[in-house]
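Protein chains in written order, with this note's numbering: chain A, -16 to 290; chain B, 557 to 666.
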C-alpha cells in the first residue's frame, strides 16, 4: 500500500503530508487537464479512497460482491443493447433503401404502362379521325393534321435519316479538365440535337424518346433525362431528314466541331450512320394547351390546335 | 470471477430480452457504453492493485454514464452534439487505454 500514494504523485510536486492528497497549486496548473489525462491513472478515485481510509483509520471496505456484480450486469445489458441497436439501425437503413428502390421501380413501371395507354389512346384517336375523314365528315384536313403531327412530334414518323450513337469514353481521357471523365453529358446531347435541327432534321428522338418543342434534355446526378425519362448509355439519337445533306451539314456545323474535339480530346464515342429508313415513335402524353373543344352548337371541332 | 460472470449474464440477458432503447435515448447509448467501459477498466485496474472498493465503483460508473450523457445532451441542445460526443469518446478512450496499459503492466510486467 505504501507505493500507492507514490503512484498518484504528479510531476508537479509531492502529495505526501497534505490532507486527502491534494497538492498545492502547481506551476503547470493551467495544463492540469492534459496532465491529468497523461499522468493520472484512471483509477485515481480508488487510490484516493484507499488513502483516505488509511488517513482516517477507517476499516477496509466490506466486500459486497453483489453490488459490483449488479453494476457489471448493467454494463453487459448496455453493451448488448448498444450492439443490437447499431445492428437494427443498419437494418433500418437497408430496408429504407430497398423500399425506396422498390417504389422507384413500381412508379417507373406505372409510368410505362400509363405511357403505353396514352399511346394506345392516341392511336385510337388517329383511327377515329381517319374514319371520320373517310366518311367525309368533321371538316378535318387529314393531310394537314399528319404534317403538323409529324412536325410537332406527336405522331410517329418514318423516313430516311441518320443514326448518331454517343457513348462514354472507354478509358480515362488524357485531358483531365473539361472532359468530365469522358462521360457524355446532357449538354452534349443538347448540342447534338440542336445541330441536327440546324442541319435540317425534320424529327429527332433520343434514346427512343421523341422530341417535341417542349422536351427537356437535362441530367439528374449522372443520368441524362429526356422528357423526364432516364435514358442509358450508349445514347442513340435518330433523326429523319434529307439523307444527302443531313450528315454533311451536321459535320460542318457547330455540333460537328464540338464532337470531333470531344472525340479527339476526351475519347468519347461518336458514330454517324446514314440509314434508308428510321422509325421514330410519337411523343406520348402531349397536352393540348390552346385548343378548346367547340361548344355543342358547332359539332365540327377544330382539331388543328393539336400541338 | 464473479465480475466476468456478471458481465456475461448481462450480455446474455440483453441479447435475450432484445431491449429496445427509446428513440430519444439512442444517441446517448454509445456514449454511455464507452463511459461504462471506462469505469469497468478503472475498476479492473483497482482490483489488481488491491484497492477495489465497490462503493467507488458504483459511484464512478453512475457518474461517468450520467456526466457523459449530460455533456452530449448539452451539446445536442447547443447544436454541437456530434463534436462533444467526439470529445467525450476521445477523453474516455485515452482513459481506457491508460487503464488497459496499467493492467497490462501489472499482469504481464511488460
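All residues carry an ideal CB built from backbone N, CA and C; glycine is no exception.
Review point. Going by other Cβ atoms of all chains shown within 10 Å of its Cβ, with 16 needed for buried, is residue 547 of chain B buried or exposed?
Key: Any question about residue 547 of chain B goes unanswered here, given that chain B covers just 557 to 666.
Distance, residue 218 of chain A Cα to residue 234 of chain A Cα
18 Å
Q) If we ignore side chains and look at the alpha-carbon of each, how far apart do residue 587 of chain B and residue 624 of chain B end up? A) C-alpha separation (whole angstroms): 6 Å.
(message) Given this structure, state the Cα-to-Cα distance separating residue 71 of chain A from residue 171 of chain A, to the nearest angstrom.
(response) Distance between the alpha carbons of residue 71 of chain A and residue 171 of chain A: 45 Å.
What residues of chain E sit near residue 148 of chain A, judged by a beta carbon separation below 9 Å? Chain labels in this structure do not include chain E; the protein chains are A and B.
Between the CA atoms of residue 599 of chain B and residue 593 of chain B - distance to the nearest angstrom: 10 Å
> Quick one: what's got a C-beta closer than 8 Å to residue 169 of chain A's C-beta in the same chain, skipping five residues either side?
Replying inline: 200, 201, 202, 207, 208
task = Tell whether a beta-carbon distance below 9 Å holds between residue 144 of chain A and residue 264 of chain A.
result = no
- Query: Tell me which same chain residues have a C-beta within less than 7 Å of the C-beta of residue 601 of chain B, skipping the five on either side of it?
  - Reply: 655, 658, 659
Pick from A:83, A:142, A:59 that is closest to residue 262 of chain A, judged by C-alpha positions: The shortest C-alpha separation from residue 262 of chain A is found at A:142.
task: Just the chain B side, please: which residues come within less than 7 Å of residue 65 of chain A by C-beta, in chain order?
output: 585, 586, 589
**Study point:** Nonlocal neighbours in the same chain, by C-beta distance under 8 Å from residue 173 of chain A, ignoring five residues either side
**Key:** 200
Short CB-CB distance (under 9 Å) between residue -8 of chain A and chain B
Bear in mind that a pLDDT of 43 at residue -8 of chain A, under 50, signals an unreliable position, so the number given afterwards is only what the model happens to contain. Not one chain B Cβ lies under 9 Å of residue -8 of chain A.
Self-check item: Anticipated Cβ contact below 8 Å, residue 574 of chain B with residue 32 of chain A, distance rounded
Solution: That belief does not hold up - the Cβ atoms of residue 574 of chain B and residue 32 of chain A are roughly 38 Å apart, past 8 Å.
#### Entry: Option nearest residue 633 of chain B by Cα separation, candidates B:559, B:611, B:583
B:583
Practice problem: Quick one: list the residues of chain B neighbouring residue 68 of chain A, beta-carbon separation under 7 Å, in chain order. | Solution: 577, 582, 585
Review point. In whole angstroms, what is the alpha-carbon distance linking residue 241 of chain A and residue 216 of chain A?
Key: 19 Å
* **Three-way DSSP call (helix, strand, coil) for residue 582 of chain B in this model** => coil
Top-ranked residue by Cα proximity to residue 165 of chain A, from A:179, A:150, A:176
A:150
key: Minimum Cβ-Cβ distance from residue 52 of chain A to chain B less than 9 Å   = yes
(Q) Just to make sure I have the definition right: I need the residues of chain B whose C-beta is within less than 9 Å of the C-beta of residue 37 of chain A. Which are they? (A) The premise fails here: residue 37 of chain A is roughly 10 Å from chain B at the closest Cβ pair, so nothing lies under 9 Å.
Taking Cβ-Cβ distances shorter than 9 Å, what residues in chain B pair up with residue 78 of chain A? Near residue 78 of chain A there are no residues of chain B at all, since even the closest Cβ is about 16 Å away, more than 9 Å.
Can you look up residue 273 of chain A in the DSSP assignment and give me helix, strand or coil?
coil
Can you round the beta-carbon distance between residue 238 of chain A and residue 177 of chain A to whole angstroms, since I take them to be within the 8 Å contact cut?
7 Å
Answer yes or no: does any C-beta atom of chain A fall closer than 9 Å to that of residue 517 of chain B?
In this structure chain B extends from 557 to 666, so residue 517 of chain B is not present and cannot be described.
Inset, instruction - Would you identify the three-state DSSP class for residue 223 of chain A, choosing helix, strand or coil? - result: Three-state DSSP puts residue 223 of chain A in a strand.
Q. Who are the neighbours of residue 33 of chain A on chain B, taking C-beta pairs under 8 Å?
A. 607, 609
task: Closer than 6 Å by C-beta to residue 275 of chain A: which residues in its own chain qualify, once you throw out the five before and the five after it? Chain order, please.
output: None.
query = Given residue 591 of chain B, which residues of its chain have a CB within under 7 Å of its CB, disregarding the five upstream and five downstream residues?
reply = 620, 621, 624, 648
task = Could you list which residues in chain A have their beta carbon closer than 8 Å to that of residue 624 of chain B, in chain order?
result = The contacting residues do not exist; residue 624 of chain B stays about 12 Å from chain A at best.
Worksheet item: Who are the near neighbours of residue 229 of chain A in its chain, counting only those whose CB is closer than 8 Å to its CB and skipping five residues on each side?
Response: 144, 145, 179, 182, 183, 184, 222, 257
Query - residue 188 of chain A (DSSP reduced to helix, strand or coil) - result: strand
Using a Cβ-Cβ distance cut-off of 9 Å, determine whether residue 640 of chain B contacts chain A. no
Under the three-state DSSP convention, the category residue 664 of chain B falls into:
helix
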